[in-house]
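Engineer:
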RNA sequence: GGGGAGAUACCGAAGCGGUCAAACGGGGCAGACUGUAAAUCUGUUGGCUCAGCCUUCGGAGGUUCGAAUCCUCCUCUCCCCA
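In my numbering, the protein residues as written are 6 to 436.
(1) Kindly indicate which residue of 291, 230, 107 and 28 has the alpha-carbon position closest to the one of residue 269.
(2) What whole-angstrom Cβ distance do residue 126 and residue 75 have, given they're in contact under 8 Å?
(3) From the DSSP output, in three-state form, read off residue 247 for me.
(4) Pick helix, strand or coil for residue 358, following the three-state DSSP scheme.
(5) Are the beta-carbon atoms belonging to residue 21 and residue 201 less than 8 Å from one another?
(6) Applying the 10 Å Cβ sphere with the 16-neighbour rule, what's the burial state of residue 136?
(7) For residue 208, tell me which candidate among 197, 406 and 149 has the shortest Cα-Cα distance.
(8) Just confirm the distance between the C-beta atoms of residue 48 and residue 250, as a whole number of angstroms; I'd bet it's less than 8 Å.
(9) Have a look at 316, 279 and 271 and flag the residue whose alpha-carbon is nearest the alpha-carbon of residue 294.
(10) Would a C-beta distance cut-off of 8 Å place residue 67 and residue 115 closer than the cut-off?
(11) What residues in its chain sit with their C-beta under 6 Å from that of residue 354, if we drop five residues either side in the sequence?
(12) Quick check on this structure: which residue in 312, 375, 419 and 366 has the alpha carbon closest to the alpha carbon of residue 404?
(13) Go ahead and label residue 94 buried or exposed: buried means 16 or more other beta carbons lie within 10 angstroms of its beta carbon, across all protein chains shown.
(14) Quick check on the burial criterion: 16 or more other C-beta atoms within 10 angstroms. Buried or exposed for residue 69?
(15) So is the beta-carbon of residue 137 under 7 Å away from any non-hydrogen atom of the ligand GTP?
(16) Is it the case that the Cβ atoms of residue 312 and residue 324 are separated by a distance below 8 Å?
(17) Name, in chain order, the residues that DSSP records as bridge partners for residue 2.
(18) If we count the other Cβ atoms within 10 Å of its Cβ and call it buried at 16 or more, is residue 43 buried or exposed?
(19) Taking residue 101 as part of the alpha helix (DSSP H), name the residues at either end of that continuous run.
(20) So which of 187, 265, 182 and 118 has the shortest CA-CA distance to residue 130?
(21) By a C-beta neighbour count over all protein chains shown, 10 Å radius and 16 as the cutoff for buried, is residue 232 buried or exposed?
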């Protein structure tokens, strides 16, 4: 039995922990769960922290339970939201549940061992319960006074809250509390984990267990700090939206780039949370990074580790290779030397468009080419402006006003690489 | 139902008859510097066949040589009173 709590502690993954939790986890194999709302058919990296807690739990010899919140997802947690969430249909919830299951199995062992992971959906036990049963058997044990004291509720009913709070949302903590009770009784699950914003909801669960089953019963809670970025902006979002684990939503290249671009300060925190590297390895990386910050050892290791686990080593290699070419010393010459296969694999995740050979041969205006054809720019005006600002490259060479495309501009006789600024690439294929 | 305030480009917010494609701030994009970082500085941020032209200031009309700016009606938002 590994020391789970100690492991989380040095990784900076503990925000709050109930008394006795550590003793319980050292005493015997314990089941613990994390809830995930199935609001989409894929996890995004914001979910990863909870998943990693389960991973560590399993590695320490305990039994992880992933709870898909089919029922709670239909209600929506009021915590941290100023507005009520729209309700999801059962059909969508089921579809989302399946997507999540696949992704979770990349992290957790659901197959073997006496501590193999379990996936449950609270919709399955909530669905048959009648409203009357629920308010009689569950609602009876907690006072409204207790429930109103929660921050998540207080915020929503305070004078400056604009939208108020529906009865449905108010019930959320009871429903989530009931999950814990259910798992406690049916799976002897004694631990619930989650982000620190879930503390109130989790404690409602432990409270419910004590009041309903008796005060000698003990259930525990561990929360981890919410992942924030050093600059205060929201973690896991870019201009183009959330970073998903699903390669259809976020390509492996984008995924890899996201982690590679993390700031120094954040990288130090994230590598502890999101990788399984040992304490020694991480300390070595951190000191290595401090000596030679420009090498960005931390970011590279972080990006490599997570990309390999979420996608595959092959995806990592391609993403890494692409990054080297796109951002490294790559010049027009190396581009021209590249064979078609390499070229395509490198630019696999770069937006691609096509232009007919006739149109190209007829001589195509550079501005029209950049905006309408390569769709690198919204309008000709923008293209004109950017060229004037020295921001546009064709095949890695900056172009000036009056630049003309010729057959010589083609890579492998059929591709043109357009670049806006440093980071935005567009590949145009002549067909 | 009565009274008041307002609707301006991605957002916030000036402008109140011509010099307004519209100040300023934020955000976005780009350039320099760098480590594909942070900070900083600079440029740019309606469209086009770009030293010019066209379409924009809630909507529809009107006054005027000329309107985001004045008038009329309409739509919507906010506040106060009942």
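For each residue, glycine too, the CB sits at the ideal point set by N, CA and C.
Structural biologist: So, from the listed chains and residues:
(1) 291
(2) 4 Å
(3) strand
(4) strand
(5) In contact: residue 21 and residue 201 (Cβ atoms closer than 8 Å).
(6) The residue is exposed, with fewer than 16 neighbouring Cβ atoms inside 10 Å.
(7) 197
(8) 5 Å
(9) 271
(10) no
(11) 256 and 258
(12) 375
(13) exposed
(14) Classification for residue 69: buried.
(15) The ligand GTP is not among the ligands present in this structure, which contains no ligands whatsoever.
(16) yes
(17) Residue 2 falls outside the range modelled here, since the chain spans only 6 to 436, and no answer is possible.
(18) Flag for residue 43 reads buried.
(19) 95-109
(20) 187
(21) buried
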